[in-house]
Structures are given as C-alpha cells and as structure tokens.
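Below you'll find the structure, written out as structure tokens, and then a few comments.
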Amino acid sequence: MWRSRALVIVTLFLLATGVWIGTIWNRDVRELNRYVASVSSRHVPDTREDIATFQLEHGIFRHHLSGETSHPALWEVMRDSIAIRWPHVTVDVALLPDSSVIGRTSGLVSVAVGNLRREPRHGSELVDQAILGTRLTILRERRGWYQVKTEWNYIGWMTGSSIAFRDTMPETDVRVRVNLAAIREAASPAAPLRLQAPFGAAFESVAKRGSYREIRLPDGSSAFIAEGDIEAMPAATASTDGARLVTTASRFQGLPYLWGGNSSSGFDCSGFTQTVFREQGITLPRDANMQIRLGADVDTTGNFSQVQAGDLLYFGPNPDRITHVALSLGGARMIHASDYVQINSLDPADTDFAPDRLRTLQAVKRIR
Numbered sequence: 063m064w065r066s067r068a069l070v071i072v073t074l075f076l077l078a079t080g081v082w083i084g085t086i087w088n089r090d091v092r093e094l095n096r097y098v099a100s101v102s103s104r105h106v107p108d109t110r111e112d113i114a115t116f117q118l119e120h121g122i123f124r125h126h127l128s129g130e131t132s133h134p135a136l137w138e139v140m141r142d143s144i145a146i147r148w149p150h151v152t153v154d155v156a157l158l159p160d161s162s163v164i165g166r167t168s169g170l171v172s173v174a175v176g177n178l179r180r181e182p183r184h185g186s187e188l189v190d191q192a193i194l195g196t197r198l199t200i201l202r203e204r205r206g207w208y209q210v211k212t213e214w215n216y217i218g219w220m221t222g223s224s225i226a227f228r229d230t231m232p233e234t235d236v237r238v239r240v241n242l243a244a245i246r247e248a249a250s251p252a253a254p255l256r257l258q259a260p261f262g263a264a265f266e267s268v269a270k271r272g273s274y275r276e277i278r279l280p281d282g283s284s285a286f287i288a289e290g291d292i293e294a295m296p297a298a299t300a301s302t303d304g305a306r307l308v309t310t311a312s313r314f315q316g317l318p319y320l321w322g323g324n325s326s327s328g329f330d331c332s333g334f335t336q337t338v339f340r341e342q343g344i345t346l347p348r349d350a351n352m353q354i355r356l357g358a359d360v361d362t363t364g365n366f367s368q369v370q371a372g373d374l375l376y377f378g379p380n381p382d383r384i385t386h387v388a389l390s391l392g393g394a395r396m397i398h399a400s401d402y403v404q405i406n407s408l409d410p411a412d413t414d415f416a417p418d419r420l421r422t423l424q425a426v427k428r429i430r
C-alpha cells in the first residue's frame, strides 16, 4: 500500500514540476516574442522602408532566432541584447546586403524608368519607379532580380538589366527640364535614339557640343542631349515656394495615371507629389499614408481660406486610412493624379467640383 501511495506522490510531484517548468518556459517564450516584436517595430515601423523578418523556433532546452534585416541598429540589438537577456537562445540574424551581392551593393538606374516590383517577377505588383540616374542600395539577388532600396528609402525588386552597378557615384551637374528628353548617339537630331529621359533625370556633363551637351550615362558611356532640354542642377537647398511647386505640378497636367508610377511618363497620386517636391530639393516618402506624417496641420474649419498653394491635401475613408494626396493651388482648388493629372475644386460652386474628394478629405498639411 505504501509503495502505491509513494508512486502516486512521486507521479503528482513530477506532473506538478513539469507543469511549473512548462509554465515558466511558455512565459519565457512569450516574453521573447514580445521583445522581438517591440524592438522590430521601434526600429522598423514601416516595412516598406526597411526589412525586418524574424522567426523563433522553440526547442525543449534552447530556442533559435533566425531572420534578416536591412537596419544595422536593429541587427546589433538582435545580435547582442538577446544573447545577454536570453542566454539559452541562439541568434542567427543576417544583416542585408547579403552574400549574393558582394561587390555589387550600390548602383544607378540605367534605363529611362526602372520598375520596382513587390516580388521578383514581371507579373508582380508595380510598387514604385525610379528614373534614370537614381541611386540604389542593392540588398540581394534572386534569379536576375535585385531587391533595392531607393534614395527615398523604398524597397522593391528591379531587374538587373535596369541597374548600372557602381562602386563610386558620379557628380551630376545637369538634369532634364522637359517632360521627356531624347538622348542620342551623336550631337545631331538625326542621330540614333538611345532612350527618352524623364523629367528630373540627372547626368554628369562632359562638354558642350554646339546645340547639344555630351553627357555620361550611368553605365559610363557617352551620349548627347539638346541644350534646351536640360538645366544646371540647382544649389543643394530645399525650398517650399508654393508658386514654384504649382508651376512644376502644372507642367504634368494631362499625363496618365499609373498605379506605382513615379515619372513623367505616368504618375500615381503620391508619385506625382513626390516628383513635384523633389524638383525643389525636398524628398517626400513614397506613399500618401507615409507623406501625411510630415508637415504642420492647416485649419480648414468652415472653408479653405487658410489653405495655401503648395499645401498637401489628404483623402481617405477615415483619418487612419489615407488613400489619396493632392497638391493645393490655393484655397479650394487642387491638382492631383486621378485617372490623369487634373485640376479639381472642393468648392461646390465651381464647375470642376469633386464631391467625392470633399466628402473624404481628412487633412491638409504644410511642408515647411
């Protein structure tokens, strides 16, 4: 009898110990998961701008944290602090760029307009574009596609044929001032066409050749562009001159809407505003719900008398879901990419009144 009783006691003790150890272990796992999520969101609040992907594998005695990030500070935290706080966790977190692009971690867009896709395939969603000469950080390669990060910190996949890999970046001193400029093989309008460069494309100038300028393309080759199609790069000072913003925006009136478009061949709403501000040395984030984070609020209570040319108007079903952005012409009038680049009004008395836009207006911001 006493042996049976002892066996029961031992069994209950082992069960209780197992439950206690399991509870402690599960709590430890939950704390680790919360820590990884918290640190990741603090360093990388928006995964359109940086990569932060982690997986935690649970073991009986040890855990294994793997993953990758393009954010150096986050990588250091994962590498160092977790090992101190959780010594039973092995950490194998990679910092991008990875080994697939050793020696090719920077480059320039070498085509008129480089498409950025969500995934490394042509049928994937177009998420952004980068024009000729745009600087890229190369993160990794997959089957001839390269995951890149643009100058405005947006990530997507681009074909290798769209990139000129460069260790050093050229000093660009001229840029395209027309919507599309012909770049030719020689200094003649009859010379073969190399490509058509969009508004804002920047180059390294070589020499003046009559009515043409010899330029160096991102791949290092020489080409020629009409003097009337270019201008000197402005001084590196940002300006929020509303009249100038409106002048730049108006030059694109009538251009087609393109989802993910970010060039003078076609825009989406935020690609349009980004391009307009970039002409004045101001880099906006890529998407409308990112751009709204910037600037000071403008009061529109009752009317639009406080809205100035160059302000940005944001629209959506609610303040937490911004889906459209427009540039103010002053007062109730605005220019935006919607079907095509067009002018509309938020005043019911105007013939180009846009009732849907008035109903969904959520905020007006001023970039200073």
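Using my numbering, you'd call the opening residue of the sequence shown number 63 and step up by one each time. Beta carbons are placed, not taken as given, at the ideal position from N, Cα and C, and that holds for glycine. Keep in mind that this is a model prediction, so the values were computed, not measured.
**OP:** Using a threshold of 8 Å, state whether the C-beta atoms of D432 and A425 are closer than that.
**Re:** Since the first residue shown for the chain is 63 and the last is 430, residue 432 is missing from the structure and cannot be characterised.
Subject >> C-beta atoms of I193 and A263 nearer than 8 Å >> reply: Numbered from 1 along the sequence shown, position 131 holds the residue referred to as residue 193. Numbered from 1 along the sequence shown, position 201 holds the residue referred to as residue 263. Yes, the pair counts as a contact, with Cβ atoms nearer than the cut-off.
**OP:** Compare the C-alpha of T196 against each of Q342, F265, A371 and name the closest.
**Re:** Within the sequence shown, numbered from 1, the residue matching residue 196 stands at position 134. Distance check between T196 and each of Q342, F265, A371 places F265 closest, using alpha-carbon atoms only.
Original post:
If you drop the 5 nearest sequence neighbours on each side, which residues of the same chain put their C-beta closer than 7 Å to that of W321?
Top reply: The count along the sequence shown starts at 1 and reaches residue 321 at position 259. So the list reads L188, D330, once near-sequence residues are dropped.
Original post:
What residues are listed by DSSP as bridge partners for A156?
Top reply: As a position in the sequence shown, residue 156 is number 94, starting the count at 1. In the DSSP assignment, the residues bridged to A156 are E130.
**OP:** Just list the alpha helix (DSSP H) runs in the stretch 280 to 338, keeping only unbroken ones of 4 residues or longer that don't cross its boundaries, in chain order.
**Re:** The stretch 280 to 338 contains these whole alpha helix (DSSP H) runs: 304 to 312.
Original post:
For D90, does the three-state DSSP call read helix, strand or coil?
Top reply: Counted from its first residue, the sequence shown places residue 90 at position 28. Correct three-state label for D90: helix.
**OP:** Could you tell me if the beta carbon of R204 falls within a distance shorter than 7 Å of some heavy atom in the ligand FMN?
**Re:** Of the ligands one can find in the structure shown there are none, so the ligand FMN has no counterpart to examine.
Subject >> Burial state of R237 (16 or more Cβ within 10 Å) >> reply: Counting from one through the sequence shown, the residue named residue 237 turns up at place 175. Note on R237: 16 or more other CB atoms within 10 angstroms of its CB, so buried under the neighbour-count rule.
Subject >> Bounding residues of the alpha helix (DSSP H) (the contiguous stretch that carries P381) >> reply: As a working mapping, residue 381 is identified with position 319 in the sequence shown. Premise fails: P381 is in no alpha helix (DSSP H) and is neither H nor E.
Original post:
According to DSSP, which residues form a beta bridge with V210?
Top reply: By 1-based counting over the sequence shown, the position of residue 210 is 148. DSSP links V210 through a beta bridge to I200, G218.
Subject >> Reduced DSSP secondary structure (H/G/I, E/B, other) of V236 >> reply: Translated into positions along the sequence shown, residue 236 becomes position 174. Here V236 sits in strand by DSSP.
Subject >> DSSP state of E35 mapped onto helix, strand, coil >> reply: The question about residue 35 has no answer, for the chain in this structure spans 63 to 430.
Subject >> Paired residues, beta bridge with F227 - DSSP >> reply: Sequence index remark: in the sequence shown, residue 227 carries index 165 (1-based). Looking at the DSSP assignment, F227 forms a beta bridge with G169.
**OP:** State the DSSP-derived secondary structure class of L391, mapped to helix, strand or coil.
**Re:** By 1-based counting over the sequence shown, the position of residue 391 is 329. L391: strand per DSSP, three-state reduction.
Original post:
Tell me which same chain residues have a C-beta within less than 6 Å of the C-beta of R428, skipping the five on either side of it?
Top reply: In the sequence shown, counting from the first residue as 1, residue 428 sits at position 366. Correct list, in chain order: G357, A358, V360, D373.
**OP:** Can you tell me which of the three DSSP states D359 falls into?
**Re:** What you label residue 359 is simply residue 297 of the sequence shown in a count that begins at 1. When secondary structure is reduced to three states using DSSP, D359 falls in the strand class.
Subject >> Alpha carbon of S186 to alpha carbon of L158, nearest angstrom >> reply: Within the sequence shown, residue 186 is the residue found at index 124, counting from 1. Within the sequence shown, residue 158 is the residue found at index 96, counting from 1. If I take the Cα positions, the gap works out to 22 Å.
**OP:** Give me the Cα-Cα distance between D409 and Q191, rounded to the nearest whole angstrom.
**Re:** Taking the first residue of the sequence shown as 1, we reach residue 409 at position 347. Taking the first residue of the sequence shown as 1, we reach residue 191 at position 129. Cα to Cα, D409 sits roughly 33 Å from Q191.
Subject >> Span of the alpha helix (DSSP H), counted from its first residue to its last, around Q370 >> reply: In the sequence shown, the residue the question calls residue 370 occupies position 308. Per DSSP, Q370 lies in no alpha helix (DSSP H) and is assigned neither H nor E.
Original post:
Which first and last residues belong to the beta strand (DSSP E) in which N406 is found?
Top reply: Here the question's residue 406 lines up with position 344 in the sequence shown. Run containing N406: 402 to 407, per the beta strand (DSSP E) assignment.
Subject >> Contact under 8 Å by Cβ, A294 with I245 >> reply: Here the question's residue 294 lines up with position 232 in the sequence shown. Here the question's residue 245 lines up with position 183 in the sequence shown. At least 8 Å separates the beta-carbon of A294 from that of I245.
Subject >> Rounded straight-line distance, which links the Cα of I113 to that of L127 >> reply: Here residue 127 refers to the residue found at position 65 when the sequence shown is read from its first residue. Here residue 113 refers to the residue found at position 51 when the sequence shown is read from its first residue. Each residue's alpha carbon lies about 16 Å from the other.
Original post:
In terms of residues, what are the limits of the alpha helix (DSSP H) holding N177?
Top reply: Counting from one through the sequence shown, the residue named residue 177 turns up at place 115. Looking at the DSSP string, N177 is not in any alpha helix (DSSP H); the run it does join, the beta strand (DSSP E), is 175 to 179.
Original post:
Based on Cα-Cα distance, which residue from P182, T221, S168 lies nearest to T199?
Top reply: Along the sequence shown, read from residue 1 onward, the residue named residue 199 stands at position 137. Looking at the Cα atoms, S168 is the closest of the given residues.
Original post:
Taking the C-alpha atoms as reference points, what is the distance between A311 and I397?
Top reply: The sequence position of residue 311 within the sequence shown is 249, counting from 1. The sequence position of residue 397 within the sequence shown is 335, counting from 1. Cα to Cα, the separation comes out at about 7 Å.
**OP:** Reducing DSSP to helix, strand and coil, say where I347 ends up.
**Re:** In the sequence shown, the residue the question calls residue 347 occupies position 285. The sequence shown places Pro at residue 347, rather than the Ile named in the question. If DSSP states are grouped into helix, strand and coil, P347 belongs with coil.
**OP:** Classify T230 as buried or exposed, calling it buried when 16 or more other Cβ atoms lie within 10 Å of its own Cβ.
**Re:** Here residue 230 is taken as the residue at index 168 of the sequence shown, counted from 1. Exposed, because fewer than 16 other Cβ atoms sit within 10 Å of the Cβ of T230.
Original post:
Taking all protein chains shown into account, do 16 or more other C-beta atoms lie within 10 angstroms of the C-beta of D349, making it buried, or fewer, making it exposed?
Top reply: For the purposes of this step, residue 349 is taken as the residue at position 287 of the sequence shown. With 16 or more Cβ atoms within 10 Å of its Cβ, D349 is classed as buried.
Original post:
In its own chain, which residues sit with a C-beta less than 6 Å from the C-beta of F261, not counting the 5 before and 5 after it?
Top reply: What you label residue 261 is simply residue 199 of the sequence shown in a count that begins at 1. Excluding its 5 nearest sequence neighbours in each direction, F261 has C-beta neighbours in its own chain below 6 Å: V238, N241, S326, listed in chain order.
Original post:
First and last residue of the beta strand (DSSP E) that includes P260?
Top reply: Locating residue 260 in the sequence shown gives position 198, counting from the first residue. Where P260 is concerned, the enclosing beta strand (DSSP E) starts and stops at 255 to 260.
Original post:
Alpha carbon to alpha carbon, what distance is there between V369 and D303?
Top reply: Looking up residue 303 in the sequence shown gives position 241. Looking up residue 369 in the sequence shown gives position 307. Distance between the alpha carbons of D303 and V369 is about 14 Å.
Subject >> Residues near I405 by beta carbon distance below 6 Å, same chain, minus five either side >> reply: In the sequence shown, the residue the question calls residue 405 occupies position 343. Cβ neighbours of I405 beyond the five flanking positions: I397.
Subject >> Cα-Cα separation between V163 and L201, rounded to whole angstroms >> reply: If you number the sequence shown from 1, residue 163 lands on position 101. If you number the sequence shown from 1, residue 201 lands on position 139. When the Cα atoms are used, V163 and L201 turn out to be separated by approximately 7 Å.
Original post:
In terms of residues, what are the limits of the beta strand (DSSP E) holding P115?
Top reply: For the purposes of this step, residue 115 is taken as residue 53 along the sequence shown, with counting starting at 1. Reading off the sequence shown, one finds Thr at residue 115, where the question assumed Pro. Note, T115: beta strand (DSSP E), 114 to 120.
Original post:
Is it buried or exposed for Q315, if we count other Cβ within 10 angstroms and need 16 for buried?
Top reply: Your numbering for residue 315 matches position 253 in the sequence shown. With fewer than 16 Cβ atoms within 10 Å of its Cβ, Q315 is classed as exposed.
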